[in-house]
């Protein structure tokens, strides 16, 4: 019969309409109030309207989300290198950047004119940046990372859209807070919370690190402190998770992290120290001869 | 656009490729020679015999589907230009590649439009960007750029405005990277070129007039009367470029007689940015995120096509390792999800074009969101994924799809990735496809608007090089995943969807079919994901940020949701220094699928044009490049 197809289709529309109200009733007026309601509305079981009431509520972005990059600097409470750059101005990010939006002025020793591993200036033109994430992916020092803050509208693009070093720099703790899992995996891969080369460069510049930073950076990775922190994070996440079964399951990386440090072929701290001592001895012998 | 299309004979030829080349060489001993350059394949045809050879290739050897025709400028290498043709058999198999060389000055290659009507737009593009003349082409004018444009930008000696350096990375960025905006350079300085005889006071744009003059106006209509004795003037109407039904900035100039289309001329290029020139400035790795911006609905598939093309080249190198099995599994997972995303979008907006304003589209978009959430958690972006790499993928799937609170009012979510995927693939997507089916398929309004409208017969579809759903809805079961399999498709169980009526309704139905087939593939992917958990997703040393690519050429193609996406890449790089593609060509399905638009619309009503265009499913980011 003519028209049956239309009616059949309209029944789908009607179902959608009804479902939206049923959905509203289900939450008993608390639809927008509770965190777990949000998760359900935005999950696979969602039935009614899927609108997010921006800016009263925002979809938090996942860890790997990438937006205009930032530079990692040491935390303000770091024992000896507070606020110093992780960047060594090696220029790989500027070279690998597809739209070429990164400008780096390599640091230079004022007397000898030799390059020093600190950028003198660092610029990113965020109008050109295409948020591809290559700089973060290929940085050998994990010193540039993709940010999560996407609310960057401004009134004047000529004044505010070239980010300089001051504007780009964010502490390491910020990175661990926006991407805890990724930050941990990276630390595991480089064998310590701080990059061994940065410690090396630091020593080369004539300063000696307190044993605290060197040792603790190694130990932290295996220490109970990190696991505890991860657990706390997991519990915090579990609180917001709707299903109670999730509360018992901490994020998976923790479980596999501790053995992976040694299993991944990383050199142990003692081994690294021994090799460095050997190298230093050779160097000294060469200088003496 | 030619009105008379001579069609290839139906007879299938199964002669193996080597024998086919031998046959050609025997038949044209003087005109054909092997392409013996290092890393190259195929034959070089003397351009005086090109038309005859092409006719033999199509009629006697059965390579009746011209996938790609493009030009390369070998300035400084051989000081010649070259047209490269990739012809396939519609029954499947690999390509017969033939090339025609011409001098750079007064470059001229005979047009193949009579043999392969699908070469129409591609030859116009080569003329536009390379300045190669195609004698025999009935409508040889610029296609992407405007008529007053000076020069042919893809030539190697052409410099764009704000030209900085031949190749990236630019020296000004490091180690003395003092920032400045390109626009702060004097725009009238040395970066901008004008024709020698340019007189601004006499500047007038004649492109519109020349366009209209080809549209059948100026004909004396006084004497023309139809059988009812009514005088009808022909009328030119511009549909677009600023019109939501064109899915972007696409313009169709139509000549109407009453409400009936007499002639339709597509005008494009409003979004042109010379993607290929950018691609040649870029290093190999740089291009990956740029491919996201081609067909921005399905960036994962674009990534895969480019990765496959460059991997073909790299395979000749010593350090090359093929992608790991898990990488292949994840690649297929991603591209099949992308196909579903794209078809949701295509069906939703086809209904928009038919007048069902946004209700079906939003139902489809709501489902698409669930897939994009997964993309965002895995690749870091919802649409510009930039996820594939040569020899693998960027990163393994995350353990959990988990968000982190950062801004005020942020609301969190936390799902187990595999559970999420399992539920998405086994329940959510099939349910929503069924719902779309129930919602739209039987509707009498849709049937009356679409059945029998925009008919494209199968032999025309092949001749015009149509691809993807457009080709398969015309009854040609051609799918690159089966015709020339890549990745792990050979071990997956799925059918090539095909519909036989070749109208808008069948193009809608085939998209539903393909989504169901994609779900079928994804269901086979899930156990493979479980099985390969923890395995490496990248073969080789991932820290290499400037991969070395051996000298040669490669054509990599994938079955994109919109049709066959091909990348023709040529490497001439110094094997030790930094490397850039010598040629980076994109065979864009949206672009070539527009070739039969005029033929499909002729005789239809003006309101149907919008629906026909919607059924082709174009994206202007890819059409205009």
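Residue numbers (our numbering), protein chains in the order written: chain A, 1 to 289; chain B, 1 to 625. All C-beta atoms in this analysis are idealised placements derived from N, C-alpha and C, irrespective of residue type, glycine included.
If you look at residue 121 of chain B, you'll find it isn't in any beta strand (DSSP E); it sits in the alpha helix (DSSP H) that goes 119–130. For residue 512 of chain B, the enclosing alpha helix (DSSP H) covers residues 504–531. Look at the region 92–110 of chain A: the residues with a C-beta under 7 Å from a C-beta of chain B are 92, 94, 95, 96, 98, 100, 102, 103, 104, 105 and 106. Within the region 131–144 of chain A, those residues whose Cβ lies closer than 9 Å to any Cβ of chain B are, in chain order, 131, 132, 133, 134, 137, 138 and 140.
A direct Cα-Cα distance of roughly 7 Å separates residue 553 of chain B from residue 313 of chain B. Judged by pairs of C-beta atoms under 8 Å, the region 140–148 of chain A touches the region 66–85 of chain A, as three or more such pairs exist. Straight through space, the alpha carbons of residue 132 of chain B and residue 153 of chain B are spaced by roughly 12 Å. At a cut-off of 8 Å, the C-beta of residue 35 of chain A has a neighbouring C-beta in chain B. When 7 Å is used as the limit between beta carbons, residue 42 of chain A is near these residues of chain B: 413, in chain order.
Residues of the region 435–453 of chain B with a C-beta atom less than 9 Å from some C-beta of chain A are 435, 436, 438, 439, 440, 441, 442, 443, 444, 445, 446 and 447, listed in chain order. Using a 10 angstroms sphere on the CB of residue 237 of chain B, the tally of other CB atoms stays under 16, which defines it as exposed.
For residue 55 of chain A, the secondary structure class from DSSP, reduced to helix, strand or coil, is coil. The contact set of residue 126 of chain A on chain B, defined by CB atoms closer than 8 Å, is empty, because the minimum CB distance reaches about 12 Å.
Counting only residues of its own chain and dropping the five nearest sequence neighbours on each side, residue 285 of chain B has a CB closer than 7 Å to the CB of 545, 546 and 547. Contact between residue 612 of chain B and residue 475 of chain B fails: their C-beta atoms lie close to 18 Å from each other, not under 8 Å. If you draw a straight line from the Cα of residue 36 of chain A to the Cα of residue 605 of chain B, it comes to about 52 Å. Taking 8 Å as the CB threshold, residue 366 of chain B lines the interface with chain A. Cβ proximity to chain A below 9 Å picks out 170, 172, 173, 174, 175, 176, 177, 178, 179, 180 and 181 from the region 170–181 of chain B.
At a cut-off of 4 residues, the continuous stretches assigned as alpha helix (DSSP H) that sit fully inside the region 82–144 of chain A are 92–96 and 134–138.
Ranked by how close their Cα comes to the Cα of residue 176 of chain A, the residues A/279, A/101 and A/187 have A/187 in first place.
Exposed is the label assigned to residue 151 of chain A, since fewer than 16 other Cβ atoms lie within 10 Å of its Cβ. At a Cβ-Cβ threshold of 8 Å, residue 48 of chain A and residue 19 of chain A count as neighbours. Cα atoms of residue 21 of chain B and residue 101 of chain B: separation of roughly 18 Å, rounded to the nearest angstrom.
Shortest Cα-Cα distance from residue 208 of chain B to any of B/165, B/168, B/252 and B/234 involves B/252.
Here residue 355 of chain B carries a coil assignment [DSSP, helix/strand/coil].
Here the region 500–511 of chain B makes contact with the region 458–474 of chain B; the two share three or more CB pairs at distances below 8 Å. Selection B/37, B/376, B/520 and B/336 evaluated against residue 560 of chain B yields B/336 as nearest (Cα-Cα). In this structure, DSSP gives residue 69 of chain A an extended state, which the three-state scheme calls strand.
Closer than 7 Å at the C-beta level to chain A, one finds these residues of the region 276–291 of chain B: 282, 285, 286, 289 and 290. Bounds of the beta strand (DSSP E) holding residue 257 of chain B are 251–257. Selection B/99, B/311 and B/354 evaluated against residue 51 of chain B yields B/99 as nearest (Cα-Cα).
Using beta-carbon distances, residue 60 of chain A counts as an interface residue toward chain B, with a partner under 8 Å. The C-alpha of residue 76 of chain A lies about 10 Å from the C-alpha of residue 170 of chain A.
Residue environment analysis places residue 38 of chain B among the exposed positions, since fewer than 16 neighbouring C-beta atoms fall within 10 angstroms of its C-beta. For residue 327 of chain B, the nearest beta carbon of chain A is not closer than 8 Å to its own beta carbon.
When the alpha-carbon of residue 521 of chain B is set against those of B/103, B/330 and B/304, the nearest one is in B/330.
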